[in-house]
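Some notes on the structure that comes next.
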Amino acid sequence: MTDDAAVAEAAGIAPLIVAGSEENLKVTTAEDLAAGGTALGRGARRLCGSVRVSMCIPSAPATM
Amino acid sequence: MAQGLAAICQSKYLPLGGATVLRHAVNAFAAHPRIAGVLVAIRPEDRALFDRAVAGLSVLSPVPGGAERQDSVRLGLEALAVHKPERVLIHDGARPFPDAALISRVIEGLDEAPAAIPALPLGDTIKRVEDGRIRGTIDRSQLWRAQDPAGVSLRCDPGGASPDGGACLDR
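Residue numbers (the numbering used here), protein chains in the order written: chain L, 97 to 160; chain Z, 2 to 172.
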């Protein structure tokens with residue numbers, strides 16, 4: 097099972113759908129983080145206030 | 002935390018905006034007024050990374066995760082049982098921006114159903130392709146992109162209106 101809803105479905109429960117958010121993206125690679133001007137970038141901008149997104153999001157792939 | 006909520010995140014340590022993706026995710030829940038506690042399932046060998054990632058945030062002691070995602074979720078739920086949460090939100094630590102309104106919508110969804118999950122309608126046209134040629138168009142109206150956090154209600158009231166415990170998830 098790849099998501100939590102699938103677990104509930106397997107338990108015979110039909111989960112209620114509520115409105116998601118375009119900013120609520122899944123980050124799996126550093127390249128995702130470098131994608132400026134995206135919904136992820138908007139989330140970063142909101143989170144970081146006046147900080148420019150280019151400063152907020154690392155432009156180089158991370159090595160952590 | 003008996004009446005409260007708790008969130009489980011799973012661990013990713015990619016940096017984002019001077020912090021980590023995980024820290025943003027944890028903070029979204031820790032800062033939410035209706036979240037009573039945040040528990041993260043981590044790989045034990047990541048403990049130092051985790052401590053650094055959430056330094057200064059109010060989180061419960063992390064629990065070791067399992068081999069698969071659902072194993073980590075189960076282990077997290079078991080660790081939360083001592084707090085007797087009525088509702089639990091299960092989040093993927095790789096999603097750093099669940100905003101407060103989204104979290105509230107999931108919590109409120111649990112007023113109506115034993116489980117609730119945020120999702121967006123599928124925007125792109127979906128084609129069925131065989132041998133490199135389009136053979137049909139899939140009806141998108143029934144296709145949604147599932148997100149997190151997934152909310153589950155753990156309330157069971159054996160003596161209540163639903164003698165079989167209804168669709169409780171804590172069995």
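For each residue, glycine too, the CB sits at the ideal point set by N, CA and C.
Would the beta-carbon of Val27/Z fall within 8 Å of that of Val55/Z? Sequence index remark: in the second sequence, residue 27/Z carries index 26 (1-based). Sequence index remark: in the second sequence, residue 55/Z carries index 54 (1-based). Taking C-beta atoms as the reference points, Val27/Z and Val55/Z count as a pair closer than 8 Å.
Are Ala42/Z and Ser73/Z closer than 8 Å when you measure CB to CB? As a position in the second sequence, residue 42/Z is number 41, starting the count at 1. As a position in the second sequence, residue 73/Z is number 72, starting the count at 1. Their beta carbons are under 8 Å apart, which means Ala42/Z touches Ser73/Z by this criterion.
Grouping DSSP H, G and I as helix and E and B as strand, with all else coil, what is Glu131/Z? Here residue 131/Z refers to the residue found at position 130 when the second sequence is read from its first residue. Secondary structure at Glu131/Z: strand, using DSSP grouped into helix, strand and coil.
List the endpoints of the continuous beta strand (DSSP E) containing Gly152/Z. Reading the second sequence from its first residue, position 151 is the one you call residue 152/Z. Note, Gly152/Z: beta strand (DSSP E), Ala151 to Ser154.
Within its chain, find whatever has a CB closer than 8 Å to the CB of Leu144/Z; leave out the 5 residues flanking it on each side and keep chain order. Locating residue 144/Z in the second sequence gives position 143, where the first residue counts as 1. For Leu144/Z, where only same-chain residues beyond five positions count, the Cβ hits under 8 Å are Pro122, Leu123 and Ile127.
Is there a Cβ from chain L that is less than 8 Å from the Cβ of Asp93/Z? For the purposes of this step, residue 93/Z is identified with residue 92 of the second sequence, where counting begins at 1. The beta-carbon of Asp93/Z is placed less than 8 Å from the nearest beta-carbon of chain L.
Against chain L, does Gly110/Z count as a neighbour if the rule is that its beta carbon must be under 8 Å from one of theirs? Here residue 110/Z corresponds to residue number 109 of the second sequence, with the count starting at 1. The beta carbon of Gly110/Z falls within 8 Å of a beta carbon belonging to chain L, placing the residue at that interface.
Chain L contact for Val60/Z (CB, 8 Å cutoff): Residue numbering aside, residue 60/Z sits at position 59 when the second sequence is read from its first letter. Chain L, which has no Cβ nearer than 8 Å to the Cβ of Val60/Z, makes this no.
Please confirm whether Gly132/L has its beta-carbon closer than 8 Å to some beta-carbon of chain Z. Start at 1 with the first residue of the first sequence, and residue 132/L comes out as number 36. Because the pLDDT at Gly132/L is just 44, under 50, the model does not fix this residue reliably, and the value given afterwards should be weighed accordingly. Output row for Gly132/L: interface = no.
Spatial neighbours of Leu50/Z in its chain, beta-carbon cut-off 7 Å, leaving aside the 5 residues before and after: Counting from 1 along the second sequence, the entry for residue 50/Z is found at position 49. Around Leu50/Z: Tyr14.
Could you say which of Glu46/Z, Gly137/Z, Leu111/Z and Phe98/Z lies nearest to Ala20/Z if we only look at CA atoms? The residue given as residue 20/Z occupies position 19 in the second sequence. Ranking the options by Cα distance to Ala20/Z, first place goes to Phe98/Z.
Got a sec: is the Cβ-Cβ distance from Glu46/Z to anything in chain L below 8 Å? On the second sequence, position 45 is the one that residue 46/Z refers to. The C-beta of Glu46/Z comes no closer than 8 Å to any C-beta of chain L.
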